[in-house]
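Participant:
And the structure:
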């Protein structure tokens, strides 16, 4: 009986992982499609598309799916939806500021999904401008410290990117986060590549101007809320100003 129970649990866990993986793929594909629609299907001439494709590749999205998304977005193939970016603001447990980014073809559905997830998981919706003021639009490039047999130092990262003009480099234990003005995100990413370093992601994101300390109980509640939001196909990213250490949740998405 215990063997059956263990198998049932493992099967359930695998189903959850597979479902989340599928949702992640769908969201990455949607980003590619929108980037191609806005800037064309040429990766060399569209840095936003290039970075969206790289992120999808690093997440193991199948090559055929990526190519079809580029074709739909660029108009080379029919079937693309008219997506728009929407932002919702909310407060999480203990008043943690949240900015929720959606990419959707149905405003009513997105608004309903976000409101239900927030209110059912201990959060409250906020007025426009209430939490958005906490965040600034920044370029964010992430790269792991372990790079082909060597461990990067902060000095290595600074030396590689200094001419590109990053604002700061943050040590995230097993990775470095390079923060910059959005306008130089591509320059920073290119500098990283030219230095022979591998990066995990390069994108324009939202970084909190200040953080709010959060204890373990608050973080657990926050994680449940973020998970509920990410169950929506329309929610692309959830940004919070929770001050978290040691592998806890800072920015989900």
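Numbering (full-length UniProt numbering), first residue to last: 1 to 253.
Note that the Cβ used here is the ideal one computed from N, Cα and C, for glycine as well.
#1: By the 10 Å Cβ neighbour count, where 16 or more other Cβ atoms means buried, how is residue 108 classified, buried or exposed?
#2: Go through the stretch 99-179 residue by residue and report every complete run of the alpha helix (DSSP H) that reaches 4 residues or more, in order.
#3: Closest by CA to residue 159, which one among 222, 197, 60?
#4: Have a look at residue 130 and residue 149 and give me their C-alpha separation to the nearest angstrom.
#5: Restricting to Cα atoms, I'd like to know which of 69, 63, 98 is closest to residue 128.
#6: Taking three-plus beta-carbon pairs below 8 Å as touching, is the stretch 58-78 in contact with the stretch 89-98?
#7: I believe residue 102 touches residue 112 by the beta-carbon criterion, under 8 Å. Please report the beta-carbon distance rounded to the nearest angstrom.
#8: Using the three-state DSSP reduction, which class does residue 197 fall into: helix, strand or coil?
#9: So the candidates are 203, 200, 133; which of them puts its Cα closest to the Cα of residue 209?
#10: Using a Cβ-Cβ cut-off of 8 Å (strictly less than) and excluding sequence neighbours within five positions of residue 87, which residues of its own chain qualify?
#11: Please state whether DSSP places residue 93 in a helix, a strand or coil.
#12: How about the stretch 218-228 and the stretch 115-122: do they share at least three Cβ pairs that are nearer than 8 Å?
#13: When you compare only the Cα positions, how much space is there between residue 114 and residue 136?
#14: Who pairs with residue 206 in a beta bridge, going by DSSP?
#15: When you compare only the Cα positions, how much space is there between residue 237 and residue 28?
#16: Using the Cβ count rule (16 or more neighbours within 10 Å means buried), how would you classify residue 37?
#17: Are the CB atoms of residue 207 and residue 145 nearer to each other than 7 Å?
#18: Below 6 Å CB to CB, which residues in the same chain sit around residue 35 once its five sequence neighbours on both sides are set aside?
#19: Got a sec? Which residues, its chain only, sit under 7 Å from residue 104 by beta carbon, not counting five neighbours each side?
#20: If you draw a straight line from the C-alpha of residue 230 to the C-alpha of residue 74, how long is it?
Facilitator: Taking the definition as stated:
#1: Looking at its Cβ environment, which holds fewer than 16 other Cβ atoms inside 10 Å, residue 108 is exposed.
#2: Listed in chain order, the alpha helix (DSSP H) elements of length 4 or more contained wholly in the stretch 99-179 are 107-119, 154-161.
#3: Ranked by how close their Cα comes to the Cα of residue 159, the residues 222, 197, 60 have 197 in first place.
#4: Taking the straight line from one Cα to the other gives about 46 Å.
#5: Checked all of 69, 63, 98; the closest Cα to residue 128 is 98.
#6: Cβ pair count under 8 Å is below three, so no.
#7: The beta-carbon distance between residue 102 and residue 112, rounded to whole angstroms, is 11 Å. This is too long to meet the 8 Å contact definition.
#8: Residue 197: coil per DSSP, three-state reduction.
#9: The residue with the shortest Cα to Cα distance from residue 209 is 133.
#10: Hits under 8 Å: 99, 100, 101, 102, 132.
#11: Assigned with DSSP and collapsed to three states, residue 93 falls in helix.
#12: A contact exists between the stretch 218-228 and the stretch 115-122.
#13: Per the coordinates, the alpha-carbon of residue 114 lies some 22 Å from the alpha-carbon of residue 136.
#14: Its beta-bridge partners are 137.
#15: One C-alpha to the other measures close to 11 Å.
#16: By the 10 Å Cβ count, residue 37 comes out buried.
#17: Contact: no.
#18: Here the set comprises 48, 49, 52.
#19: 83, 84, 86, 110, 234, listed in sequence order.
#20: Straight-line spacing of the CA atoms in residue 230 and residue 74 works out to 27 Å.
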